[in-house]
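Mind the numbering: the sequence shown is residues 0 to 157 in numbering that gives the first Met the number 0, read in order.
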Amino acid sequence: MGFKILIGIIIFLVLIQFIQPSHNNGTAEAATDITHTIPVPDTVMTLLKVSCYDCHSNHTEYPWYSKITPVNWWLNNHINEGKRELNFSTFSTGSYKRKDKKMKEISEQLDKHEMPLDSYLWIHTNAKLNDAQRKMIIDWTKTSREKIMQDSLANKRM
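Quick look at the structure:
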């Protein structure tokens, strides 16, 4: 009886490997990317791509384990949730108010060490940000918020 259950579980695990979620393989540099709205220094862009873009853009660099079901379902859900919160690939489509809010949230989450998530850093150790890198991104968000405000005021005058 136990052997039949084990065989059934193995067959089930093999069969679900054929049910794969769609991958987040959009263009890395979309026309609506944040870089088309706000100046992003190369140093900051590198940090964003390494530490943020996998979950917060339309282009994910998938690790080897993303091909294993049901892990890939969890991963896909995690990416979709991250993109709902902040998507750098569609950042320029938001209102000035939304852009400002997202910049503020980036700063707050980095300051509180809430991002990148610990669960992401377990495997992606290169995505860990040190204090100087966090400060660099936080400073950039402050400068970006000023630019967003200036653009908003300039747009109202038109």
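We put the beta carbon where it would ideally sit given N, CA and C, even for glycine.
Do you know how far the Cα of residue j is from the Cα of residue i?
| i | j | result |
| --- | --- | --- |
| Ser65 | His123 | 13 Å |
| Asn76 | His55 | 12 Å |
| Ser21 | Trp63 | 16 Å |
| Asp41 | Asp130 | 18 Å |
| Gln149 | Gly81 | 28 Å |
| Asn24 | Lys48 | 14 Å |
| Val13 | Glu84 | 34 Å |
| Thr31 | Phe17 | 33 Å |
| Ile78 | Asp53 | 7 Å |
| Ser118 | Trp73 | 12 Å |
| Leu152 | Glu60 | 37 Å |
| Thr142 | Asp99 | 11 Å |
Could you work out which residue in the options is closest to residue i when comparing CA atoms only?
| i | options | result |
| --- | --- | --- |
| Lys134 | Ile6, Trp63, Phe11 and Lys111 | Lys111 |
| Glu145 | Lys103, Pro115 and Leu74 | Lys103 |
| Lys155 | Lys96, Thr142, Trp121 and Lys100 | Lys96 |
| Leu109 | Met44, Phe2, Gln132 and Trp73 | Gln132 |
| Lys101 | Asn79, Ile33, Gln19 and Thr59 | Ile33 |
Using the three-state DSSP reduction, which class does residue i fall into: helix, strand or coil?
| i | result |
| --- | --- |
| Asn129 | coil |
| His58 | strand |
| Asn24 | strand |
| Trp139 | helix |
| Leu116 | coil |
| His123 | coil |
| Asp32 | coil |
| Thr42 | helix |
Write down the C-beta distance between residue i and residue j rounded to the nearest angstrom, noting that I regard them as a contact closer than 8 Å.
| i | j | result |
| --- | --- | --- |
| Thr140 | Ser106 | 4 Å |
| Thr215 | Ile15 | Absent from the structure is residue 215, since the part of the chain shown begins at 0 and ends at 157. |
| Ser50 | Leu116 | Actually they do not touch by this definition, with Cβ atoms about 10 Å apart. |
| Gly57 | Asn86 | Before going further, note that residue 57 is Asn rather than Gly in the sequence given. Confirmed, Cβ separation roughly 7 Å. |
| Ile136 | Leu46 | 6 Å |
Quick one: any contact between the region 84-94 and the region 30-40, if contact means 3 or more CB pairs under 8 Å?
-> yes
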